Every structure is written in C-alpha cells, then in structure tokens.
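Going down the list, the sequences are from chains A and B.
Residue numbers 0 to 361, in numbering that gives the first Met the number 0, belong to the letters of the first sequence in order.
Residue numbers 0 to 361, in numbering that gives the first Met the number 0, belong to the letters of the second sequence in order.
Virtual Cβ for every residue (Gly too), placed ideally from N, Cα, C.
In this text the structure is predicted, and so the values were computed from the model without any measurement.
One structure below.
Protein chains: 2
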Amino acid sequence: MKFDKKSLEDFARGAAFLGTGGGGDPYIGRLLAQQAIAEYGAPEIIDADSLDDDALILPIAMLGAPTVLAEKAACGDDIDLALKRLSEELGRKPDALIPIEIGGINSTLPIMAAARAGLPLVNADGMGRAFPEIQMVSFNVYGCSATPLAVVDEHMNSVIVRASSAQKAESLVRAIAVSMGMSVMISCYPLSGKQVKAYAVKNTLSLATGIGQAIADGRKTGSPIEALLGFLKTTEYYRHCKVLFDGKITDLRRETTRGFSIGHCIMTELNGSGREMSVEFQNENLVARIDGTVCAIVPDLICIVDRETAEPLPTEALKYGQRVKVIGASVPPIMRTPEALNVFGPQAFGINEPFTPIEEFK
Amino acid sequence: MKFDKKSLEDFARGAAFLGTGGGGDPYIGRLLAQQAIAEYGAPEIIDADSLDDDALILPIAMLGAPTVLAEKAACGDDIDLALKRLSEELGRKPDALIPIEIGGINSTLPIMAAARAGLPLVNADGMGRAFPEIQMVSFNVYGCSATPLAVVDEHMNSVIVRASSAQKAESLVRAIAVSMGMSVMISCYPLSGKQVKAYAVKNTLSLATGIGQAIADGRKTGSPIEALLGFLKTTEYYRHCKVLFDGKITDLRRETTRGFSIGHCIMTELNGSGREMSVEFQNENLVARIDGTVCAIVPDLICIVDRETAEPLPTEALKYGQRVKVIGASVPPIMRTPEALNVFGPQAFGINEPFTPIEEFK
Numbered sequence: 000m001k002f003d004k005k006s007l008e009d010f011a012r013g014a015a016f017l018g019t020g021g022g023g024d025p026y027i028g029r030l031l032a033q034q035a036i037a038e039y040g041a042p043e044i045i046d047a048d049s050l051d052d053d054a055l056i057l058p059i060a061m062l063g064a065p066t067v068l069a070e071k072a073a074c075g076d077d078i079d080l081a082l083k084r085l086s087e088e089l090g091r092k093p094d095a096l097i098p099i100e101i102g103g104i105n106s107t108l109p110i111m112a113a114a115r116a117g118l119p120l121v122n123a124d125g126m127g128r129a130f131p132e133i134q135m136v137s138f139n140v141y142g143c144s145a146t147p148l149a150v151v152d153e154h155m156n157s158v159i160v161r162a163s164s165a166q167k168a169e170s171l172v173r174a175i176a177v178s179m180g181m182s183v184m185i186s187c188y189p190l191s192g193k194q195v196k197a198y199a200v201k202n203t204l205s206l207a208t209g210i211g212q213a214i215a216d217g218r219k220t221g222s223p224i225e226a227l228l229g230f231l232k233t234t235e236y237y238r239h240c241k242v243l244f245d246g247k248i249t250d251l252r253r254e255t256t257r258g259f260s261i262g263h264c265i266m267t268e269l270n271g272s273g274r275e276m277s278v279e280f281q282n283e284n285l286v287a288r289i290d291g292t293v294c295a296i297v298p299d300l301i302c303i304v305d306r307e308t309a310e311p312l313p314t315e316a317l318k319y320g321q322r323v324k325v326i327g328a329s330v331p332p333i334m335r336t337p338e339a340l341n342v343f344g345p346q347a348f349g350i351n352e353p354f355t356p357i358e359e360f361k
Numbered sequence: 000m001k002f003d004k005k006s007l008e009d010f011a012r013g014a015a016f017l018g019t020g021g022g023g024d025p026y027i028g029r030l031l032a033q034q035a036i037a038e039y040g041a042p043e044i045i046d047a048d049s050l051d052d053d054a055l056i057l058p059i060a061m062l063g064a065p066t067v068l069a070e071k072a073a074c075g076d077d078i079d080l081a082l083k084r085l086s087e088e089l090g091r092k093p094d095a096l097i098p099i100e101i102g103g104i105n106s107t108l109p110i111m112a113a114a115r116a117g118l119p120l121v122n123a124d125g126m127g128r129a130f131p132e133i134q135m136v137s138f139n140v141y142g143c144s145a146t147p148l149a150v151v152d153e154h155m156n157s158v159i160v161r162a163s164s165a166q167k168a169e170s171l172v173r174a175i176a177v178s179m180g181m182s183v184m185i186s187c188y189p190l191s192g193k194q195v196k197a198y199a200v201k202n203t204l205s206l207a208t209g210i211g212q213a214i215a216d217g218r219k220t221g222s223p224i225e226a227l228l229g230f231l232k233t234t235e236y237y238r239h240c241k242v243l244f245d246g247k248i249t250d251l252r253r254e255t256t257r258g259f260s261i262g263h264c265i266m267t268e269l270n271g272s273g274r275e276m277s278v279e280f281q282n283e284n285l286v287a288r289i290d291g292t293v294c295a296i297v298p299d300l301i302c303i304v305d306r307e308t309a310e311p312l313p314t315e316a317l318k319y320g321q322r323v324k325v326i327g328a329s330v331p332p333i334m335r336t337p338e339a340l341n342v343f344g345p346q347a348f349g350i351n352e353p354f355t356p357i358e359e360f361k
C-alpha cells in the first residue's frame with residue numbers, strides 16, 4: 000500500500016470521521032502529506048505483524064488545541080527534530096513510524112514524517128480514533144511507557160520529558176505546550192515491534208481510506224451517508240453504527256482553554272419534533288444526549304457530518320445554522336476493555352454516566 | 000576554606016542578607032547543608048581562578064516560589080538526579096559545582112550537592128545576590144547558554160530543556176515548575192572553567208560568610224547593624240551601603256502567583272515623621288520608595304532586617320507590626336553594566352524608574 004493524491008484525499012476524509020471532531024483540520028494535514036510525498040516519495044506502509052519483535056517504532060504527533068494546530072502547521076524541521084531528539088535520548092534510530100491516533104492531522108502528519116525520514120509507516124495506531132490526552136492510548140492501557148518523550152516548537156526549542164506515568168507526562172507536556180503557544184510537535188511512547196503487534200489497533204490506515212472512499216463513492220449516487228454506514232458495517236471495529244440525529248446547529252460554545260478546545264454543540268431536530276441533541280467535546284466529541292438522555296458515549300465514536308455530503312466536521316468547523324447528521328459507531332474491542340475504560344471511559348472526562356456500548360442503546 | 004557548623008550559620012545568615020528577601024528560608028537550607036556535611040564530609044571550596052579553562056562547572060538550584068520552596072525542601076535524590084540527567088545530556092561529568100545565586104536556599108543547596116557528589120564547590124556565583132528568573136544571571140548577560148537544562152521534581156519526574164534563549168528557557172521552566180507543584184530542582188548553564196573565570200561574581204561564598212559573621216559579632220556588642228555596615232564598607236562589591244529606613248510594617252501584600260511570591264511591604268517611620276516606605280518584590284525586593292520617591296532600585300540590594308538583631312528577613316517571614324530597618328547596598332560592577340541592566344535592570348521587572356546607583360541618591 001502506498002498513498003497517492005486520490006487515496007490521500009480519501010484517507011484524510013476517513014481520518015476526519017474517526018477524529019470525531021478533534022485532531023485538527025484534515026485539509027491542512029492532507030496538503031502537508033501530499034507535499035512531502037511529492038518531495039520525498041511516498042513512504043512504504045507496512046503491516047504491524049511484519050515487524051521484528053525488537054524493532055523500534057516511534058509515534059509522532061502534534062499536541063495542543065486543534066483551533067491552534069490549524070494555524071501553526073508543522074514546518075517539517077520540527078518533525079525531524081522531535082524524532083532526532085528522541086532517537087538521541089534512546090541511543091538508537093527508529094525502524095518505522097506509527098500514528099498515535101487515526102484522527103485529523105495526527106493521522107496525516109506521520110505520512111509526512113515517514114516520507115521525510117525515508118522510514119516505513121505502520122498500518123495501525125494507538126486508538127482507532129482520536130483522543131485529546133497523552134495517556135489516552137492503548138499503549139498506555141497495556142503498560143508501554145509514554146516517556147522518554149520529545150517536545151519541539153516551531154522555533155526549534157526542545158524538551159525531553161521523563162515522567163513516572165503517562166498521566167504525569169500529559170500534565171507536564173500540556174503546560175509546556177501552553178507555554179510554547181498551544182501547539183507543539185511530540186514524539187513519545189517508544190515501542191518495540193512486539194508491543195506494536197500486541198497493543199496497536201491494526202489496519203486503521205486502510206480502514207480510514209475505506210471510510211473516505213465510501214463517502215466519495217456514495218456522493219456519486221447521492222447517498223453518501225448510507226454508503227458510509229454500509230462500509231462501516233463491513234468492518235470489524237466500527238460495525239455497530241447508526242444515525243443518531245438529523246438536525247441543525249442552534250447553539251455552539253467553543254473555548255480554547257487549558258490547552259484544549261472545550262465546549263458543546265446543540266442541534267434541533269429538522270423534522271419539527273422539537274427534540275434537541277447536545278454534544279459535549281474536549282477536542283473530540285465525548286457524549287451525545289437527546290433531550291438530556293445519553294445515546295452515545297466515549298470511547299464510542301460520535302461524528303458530526305454534513306447532512307448532504309457526509310463531510311466529517313471537525314469541532315472548529317461547526318457553525319450556527321449548519322444542517323448536520325450525527326453518527327454513532329463502536330470502537331475496536333481493545334478500546335472497550337475495563338482497563339481501557341479506566342483510562343478513557345466517561346469518568347476520565349468527568350462525565351457521570353457510565354459507558355454503554357452503542358449497540359445496547361435502544 | 001571548608002564549611003563547619005559555625006561558618007555555615009554565618010554563611011546562611013549572610014546569604015539571606017544577599018538574598019534581599021528571596022531565595023527561600025535560609026534556616027532550612029542551612030540544616031540541609033549541615034546534614035549533608037555530617038554524612039558526606041564538607042566539600043572543598045575552590046577559587047574560580049584555580050579552574051582549568053576546559054573544566055565543566057554545573058550550577059544547581061531550586062526554582063519556584065519561595066513560599067513553596069520552604070515546604071518542599073530538597074530530598075537529595077532530586078539533586079543527584081538533576082546533575083546526573085544534565086551530565087548524561089552533556090556526555091560528561093562535572094569537575095565542580097557553583098551556586099547560580101548567593102541568596103537564600105540556593106546558596107546552601109550547592110554545598111549539600113557538592114558534599115553528596117564529592118565535588119569541589121567554586122567560591123563564586125552568577126549574581127552576587129539573588130534574582131527570580133533564569134535569564135537574570137551574569138552568565139547569560141555575557142553570552143553563556145542557559146541550556147541544556149535539567150528539571151527534576153520530588154517524584155523524580157525529569158525534563159531536559161533546550162531553548163533558543165535564556166528568556167525562553169525561563170518561560171518553559173516556569174510553566175514546568177508550576178505543573179510540578181511550584182518548586183523544582185534545576186541544573187543549567189553548563190559552564191567552562193574559562194567562562195566561570197570571566198563572568199562569575201567571585202569570592203561570594205567568603206563574602207556571605209563575612210557578612211553573617213559581622214552580624215553575629217555585632218550582636219555581642221549590641222550594634223549588629225553598625226557591624227554589618229562596617230563590614231560591607233570593606234568589601235569591593237557592597238561598599239556603597241546605608242540604612243534607608245527605620246520603621247514598622249503597617250501593610251503587607253504577598254501572593255504566590257505565576258510561580259513567584261509577588262507583592263509589596265509598606266512601613267511607617269518609627270520616629271513619628273509619618274513618612275512611609277514601600278518595597279515591591281518579585282521573590283526578591285526590587286524597589287524601595289519613600290513617600291513615592293525611589294531611594295534604592297534593582298539590581299542594587301534592598302534588604303529588610305530585624306531592627307534589633309539585624310537578622311535578614313526573607314519576604315515570606317515579613318509580618319504586620321514588625322520593627323525593621325531597610326538597608327540598601329551596591330552590587331558588583333559586573334552586575335551594573337548596560338548589558339546587565341538590560342537583563343535585570345528595573346525595566347526587566349516592569350518598573351518605570353531608571354536604575355540609579357545607590358551611592359548617587361542623596
């Protein structure tokens with residue numbers, strides 16, 4: 000598998016869907032990856048299971064408020080420096096890169112990074128979706144250390160963090176990111192091939208591409224949302240899926256604070272029922288409620304898409320009056336275990352309602 | 000020169016005077032140094048001029064709000080780890096340690112560190128006083144890099160910072176320190192012997208000891224403040240000195256905010272004149288005004304001492320109703336050059352009045 004212009008477009012659209020509102024503007028991410036491929040050639044995409052047990056795999060990502068990520072795109076040198084600083088710290092160069100999450104800019108950025116570094120990119124990630132905090136990744140759930148971790152800003156200031164826990168790394172790096180202007184490049188969770196094989200969410204680059212392609216194909220026949228749901232139902236991870244709401248945005252609150260985009264979006268049903276859906280987000284959409292009753296909840300996916308084109312809408316693109324559909328979908332089983340829910344279930348975000356799988360809501 | 004129990008007491012008292020209100024509780028610092036000397040032996044104190052040009056000298060210090068430093072004293076392991084992490088980053092062990100400032104806890108801490116590490120301690124520092132921010136040191140004024148810089152907290156979380164300027168390092172480390180609980184151990188400004196010989200403020204360990212001893216001797220004859228001024232006048236650095244005010248504290252505002260102790264102290268003259276002195280501080284005392292007119296200003300020293308015993312009073316020990324004298328004194332010439340005033344003159348602290356040497360005030 001190699002990315003070209005067409006598959007990159009599909010991939011970025013699919014990754015925006017899996018980003019569930021977070022992860023930054025997929026358009027910018029796609030352009031950056033496209034440019035890097037044009038300049039350095041497309042990186043090889045390899046299966047997680049092809050990795051040697053003792054290979055060194057490094058995730059690379061931007062961290063910060065998506066509203067700011069969109070304005071402070073990666074320049075390239077910052078990516079190279081983050082990988083270089085972490086490699087120096089580990090005393091070893093990486094054998095491959097991997098996305099930490101398959102959502103928004105952090106899914107396309109590793110393509111750019113792999114192209115620049117001439118390294119293969121693993122067809123997998125640490126979430127099968129996107130999440131706002133460093134500890135919210137399968138690698139942490141299953142015991143891989145988040146640190147040493149390299150942070151780099153656009154002025155090439157750099158920081159290496161070693162923390163006793165991924166949670167502590169998150170609080171330190173968040174403070175550093177705010178001090179560096181709300182958006183930074185990080186490389187963290189240095190992984191062995193063995194760890195990637197055991198704990199990554201596999202094949203998500205392919206899956207995101209398939210999601211984007213299904214939407215594009217559906218547009219040709221005038222039914223992109225049906226095509227999207229049809230594709231999701233064929234996947235192992237996202238097969239429990241449905242349209243949760245069909246409405247227009249009537250209220251929107253979005254603050255860039257504590258290093259995140261935090262707020263909620265309220266929609267009114269288009270059929271005149273008067274019913275309202277609220278979606279709360281911290282970068283990513285966390286919980287959807289219809290007239291106060293939960294109908295989908297983190298870590299399951301809650302995606303707001305344009306009701307005509309099924310274009311996934313990142314949080315920062317939501318607008319008053321927009322006509323949207325809200326889609327709910329299951330996440331990979333590895334993201335729903337009790338250990339996983341401890342790290343990124345509703346309680347981790349201060350939500351009182353317990354996790355209920357999307358397929359169990361009436 | 001070696002420190003023993005008696006000279007440590009004198010030294011800590013003198014360093015509290017030179018700390019001009021900041022630098023943390025000298026009592027705790029002295030106990031820590033005393034304990035380390037009892038356990039590991041007193042470190043050798045060496046002259047700056049005895050250093051080889053290519054020797055590696057590392058400063059070690061606590062950074063944070065003095066109000067918090069006093070509660071989160073160094074545990075020892077954090078000191079060792081800060082030096083270890085910076086040494087690893089530099090690929091080389093230090094040949095000696097040096098205090099970054101000669102004020103409060105950061106003057107006694109390097110004694111503890113040197114004793115633990117079995118390294119000599121240089122009889123010099125980077126200020127000849129104390130200052131609240133990382134860039135406010137002669138080494139930065141004269142072009143030595145503040146980074147790489149190691150930060151360690153009491154849980155042994157560690158961070159290595161590389162920044163494009165000392166000012167940028169300050170803003171990053173301050174954010175990290177706040178995230179780590181307002182008080183951290185740092186090692187920074189890795190220096191060559193040549194740099195120490197050119198840019199350090201020399202003999203300040205001896206001078207601080209002399210100041211403390213003069214106060215102690217003066218107490219025996221009932222005139223500690225006269226003894227203190229008498230000694231200062233014999234020194235090269237602090238010889239322009241005088242009592243600026245004799246009053247009691249009638250107003251005190253002290254906030255632990257942005258990683259500092261910030262506020263002001265207002266005193267009313269004891270002779271019934273009705274005149275008031277205000278002293279503004281950011282950890283250290285910055286400017287003294289009598290009825291609104293400046294009479295001493297940073298980087299010159301402004302020290303509040305007990306009016307009977309001449310005991311130097313750190314900012315966090317000031318109390319309503321306390322009888323005090325305020326003493327002003329010059330700083331070393333290296334700290335008063337135009338380059339130096341750019342970095343830690345009044346403007347660096349947002350004070351509008353220009354620097355005027357203490358000896359030029361009527």
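Quiz item: Is the CB-CB distance between A213 of chain B and L204 of chain B below 7 Å?
Solution: Numbered from 1 along the second sequence, position 214 holds the residue referred to as residue 213 of chain B. Numbered from 1 along the second sequence, position 205 holds the residue referred to as residue 204 of chain B. No, the Cβ-Cβ distance between A213 of chain B and L204 of chain B is not below 7 Å.
Practice problem: Would you kindly check if the distance between the Cβ of A347 of chain B and the Cβ of A199 of chain B is under 7 Å? | Solution: Translated into positions along the second sequence, residue 199 of chain B becomes position 200. Translated into positions along the second sequence, residue 347 of chain B becomes position 348. Contact flag unset, no.
Practice problem: Measure how close the beta-carbons of E359 of chain B and G20 of chain B come, nearest whole angstrom, since I'm counting them as under 8 Å. | Solution: By 1-based counting over the second sequence, the position of residue 359 of chain B is 360. By 1-based counting over the second sequence, the position of residue 20 of chain B is 21. 23 Å between Cβ atoms; not a contact.
Quiz item: Can you find a CB in chain A that lies within less than 7 Å of the CB of V158 of chain B?
Solution: For this step, residue 158 of chain B is matched to residue 159 along the second sequence. Chain A, which has a Cβ nearer than 7 Å to the Cβ of V158 of chain B, makes this yes.
Quiz prompt | chain B contact residues for L171 of chain A, given Cβ-Cβ distances below 8 Å | solution = For the purposes of this step, residue 171 of chain A is taken as residue 172 along the first sequence, with counting starting at 1. Residues of chain B passing the Cβ test: N156, V158, I175, S178, M179.
Quiz item: So is S178 of chain B buried or exposed if we call it buried at 16+ other beta carbons inside 10 Å?
Solution: Stepping through the second sequence from its first residue, residue 178 of chain B is reached at position 179. That one is buried.
Quiz item: Which residue from A:V151, A:M135, A:T146, A:D79 puts its Cα closest to that of G117 of chain A?
Solution: Locating residue 117 of chain A in the first sequence gives position 118, counting from the first residue. If we check each option's Cα against that of G117 of chain A, A:D79 comes out closest.
Quiz item: chain A partners of S163 of chain B, CB-CB under 9 Å?
Solution: Start at 1 with the first residue of the second sequence, and residue 163 of chain B comes out as number 164. Going along chain A in sequence order, the residues near S163 of chain B (Cβ under 9 Å) are H154, M155, N156.
Quiz item: How would you write the range of the alpha helix (DSSP H) that F280 of chain B sits in, first residue to last?
Solution: Here residue 280 of chain B corresponds to residue number 281 of the second sequence, with the count starting at 1. Careful: F280 of chain B lies outside any alpha helix (DSSP H), inside the beta strand (DSSP E) at 275–281.
Quiz item: Beta-carbon separation of A287 of chain A and I303 of chain A under 7 Å?
Solution: As a first step, residue 287 of chain A is located in the first sequence; it is residue number 288 there, counting from the start. As a first step, residue 303 of chain A is located in the first sequence; it is residue number 304 there, counting from the start. Result no, Cβ atoms of A287 of chain A and I303 of chain A do not sit closer than 7 Å.
Exercise. Spatial neighbours of A112 of chain B within its chain, please: CB distance less than 6 Å, with the 5 preceding and 5 following residues excluded, ordered by chain position.
Key: Here the question's residue 112 of chain B lines up with position 113 in the second sequence. For A112 of chain B, where only same-chain residues beyond five positions count, the Cβ hits under 6 Å are I59, I78, L96.
Quiz item: In three-state terms, what does DSSP make of N270 of chain B?
Solution: As a first step, residue 270 of chain B is located in the second sequence; it is residue number 271 there, counting from the start. Three-state result, N270 of chain B: coil.
Quiz item: Taking Cβ positions only, does K167 of chain A come closer than 7 Å to chain B?
Solution: Locating residue 167 of chain A in the first sequence gives position 168, where the first residue counts as 1. Yes, K167 of chain A lies at the interface with chain B (some Cβ there is under 7 Å from its Cβ).
Quiz prompt | C-alpha distance - T208 of chain B paired with E88 of chain A, whole-angstrom precision | solution = To locate residue 208 of chain B, count along the second sequence from 1; it is residue 209. To locate residue 88 of chain A, count along the first sequence from 1; it is residue 89. One C-alpha to the other measures close to 42 Å.
Quiz item: Which first and last residues belong to the alpha helix (DSSP H) in which E338 of chain A is found?
Solution: As a working note, residue 338 of chain A is residue 339 in the first sequence. Here the alpha helix (DSSP H) through E338 of chain A covers 337–343.
Self-check item: Bounding residues of the beta strand (DSSP E) (the contiguous stretch that carries M111 of chain B)
Solution: Reading the second sequence from its first residue, position 112 is the one you call residue 111 of chain B. Note, M111 of chain B: premise wrong, no beta strand (DSSP E); alpha helix (DSSP H) at 104–116.
Self-check item: With 16 other Cβ atoms within 10 Å as the buried cut-off, status of S144 of chain A
Solution: As a working note, residue 144 of chain A is residue 145 in the first sequence. It counts as buried.
Quiz item: Does DSSP put V297 of chain B in a helix, a strand or coil?
Solution: In the second sequence, the residue the question calls residue 297 of chain B occupies position 298. Reduced to three states, the DSSP call for V297 of chain B is coil.
Practice problem: Can you have a look at C240 of chain B and say buried or exposed, based on whether 16 or more other CB atoms are within 10 angstroms of its CB? | Solution: Reading the second sequence from its first residue, position 241 is the one you call residue 240 of chain B. When all chains shown are included, C240 of chain B counts as buried.
Quiz prompt | Top-ranked residue by Cα proximity to D250 of chain B, from B:A162, B:T314, B:A328 | solution = Counting from one through the second sequence, the residue named residue 250 of chain B turns up at place 251. Selected option, being the one with the closest Cα: B:T314.
Practice problem: Out of B:C74, B:A309, B:D9, B:Y319, state which residue places its alpha-carbon closest to the alpha-carbon of V183 of chain B. | Solution: Position 184 of the second sequence, counted from the first residue, corresponds to residue 183 of chain B. Cα-wise, what sits closest to V183 of chain B is B:C74.
Quiz item: Quick one: what does DSSP say S182 of chain B is sitting in, helix, strand or coil?
Solution: As a first step, residue 182 of chain B is located in the second sequence; it is residue number 183 there, counting from the start. DSSP places S182 of chain B in strand when its eight states are reduced to three.
Self-check item: A237 of chain B classed as buried or exposed, judged by whether at least 16 other C-beta atoms fall within 10 angstroms
Solution: Mapped onto the second sequence, residue 237 of chain B falls at position 238. In the sequence as presented, Ala is not what sits at residue 237 of chain B; that position holds Tyr. It counts as buried.
Quiz item: Can you name the start and end residues of the alpha helix (DSSP H) that S205 of chain B belongs to?
Solution: Position 206 of the second sequence holds residue 205 of chain B. Segment 203–219, the alpha helix (DSSP H) holding S205 of chain B.
Quiz item: So, helix, strand or coil for I78 of chain A, using DSSP?
Solution: Looking up residue 78 of chain A in the first sequence gives position 79. Helix.
Quiz item: Does M61 of chain A come within less than 7 Å of chain E when only Cβ atoms are used?
Solution: Although the question refers to chain E, the structure presented lacks it and instead comprises the protein chains A and B.
Quiz item: Just how far apart, CA to CA, sit L30 of chain A and L57 of chain B?
Solution: Position 31 of the first sequence, counting from 1, holds the residue named residue 30 of chain A. Position 58 of the second sequence, counting from 1, holds the residue named residue 57 of chain B. One C-alpha to the other measures close to 46 Å.
Quiz item: Is R12 of chain A near the ligand COA, going by C-beta to nearest heavy atom under 6 Å?
Solution: Among the components of this structure there are no ligands whatsoever, and the ligand COA is therefore not found.
Exercise. To the nearest angstrom, report how far apart K361 of chain A and V136 of chain A are at their CA atoms.
Key: The sequence position of residue 361 of chain A within the first sequence is 362, counting from 1. The sequence position of residue 136 of chain A within the first sequence is 137, counting from 1. In a straight line, the C-alpha of K361 of chain A is about 29 Å away from that of V136 of chain A.
Exercise. Could you spell out where the alpha helix (DSSP H) holding K232 of chain A opens and where it closes?
Key: Working through the first sequence from its first residue, we reach residue 232 of chain A at position 233. Its alpha helix (DSSP H) spans residues 223–232.
Quiz item: Taking just the CA atoms, how far does A165 of chain A sit from K391 of chain B?
Solution: In the structure displayed, chain B extends from 0 to 361; residue 391 of chain B sits before or after that span and is not available.
Quiz item: Got a sec, what are the start and stop residues for the alpha helix (DSSP H) L30 of chain A sits in?
Solution: As a working mapping, residue 30 of chain A is identified with position 31 in the first sequence. First-last of the alpha helix (DSSP H) with L30 of chain A: 25–39.
Exercise. Spatial neighbours of R12 of chain B within its chain, please: CB distance less than 8 Å, with the 5 preceding and 5 following residues excluded, ordered by chain position.
Key: Stepping through the second sequence from its first residue, residue 12 of chain B is reached at position 13. Answer for R12 of chain B: P25, I210, G211, I214, A215, E310, P311, listed in chain order.
Exercise. Per DSSP, which residues does A287 of chain A bridge with? Please list them.
Key: For this step, residue 287 of chain A is matched to residue 288 along the first sequence. According to DSSP, A287 of chain A bridges with A:V278, A:A295.
Quiz item: Do A176 of chain B and G18 of chain B come within 7 Å of each other at the CB atom, strictly closer than that value?
Solution: Reading the second sequence from its first residue, position 19 is the one you call residue 18 of chain B. Reading the second sequence from its first residue, position 177 is the one you call residue 176 of chain B. No.
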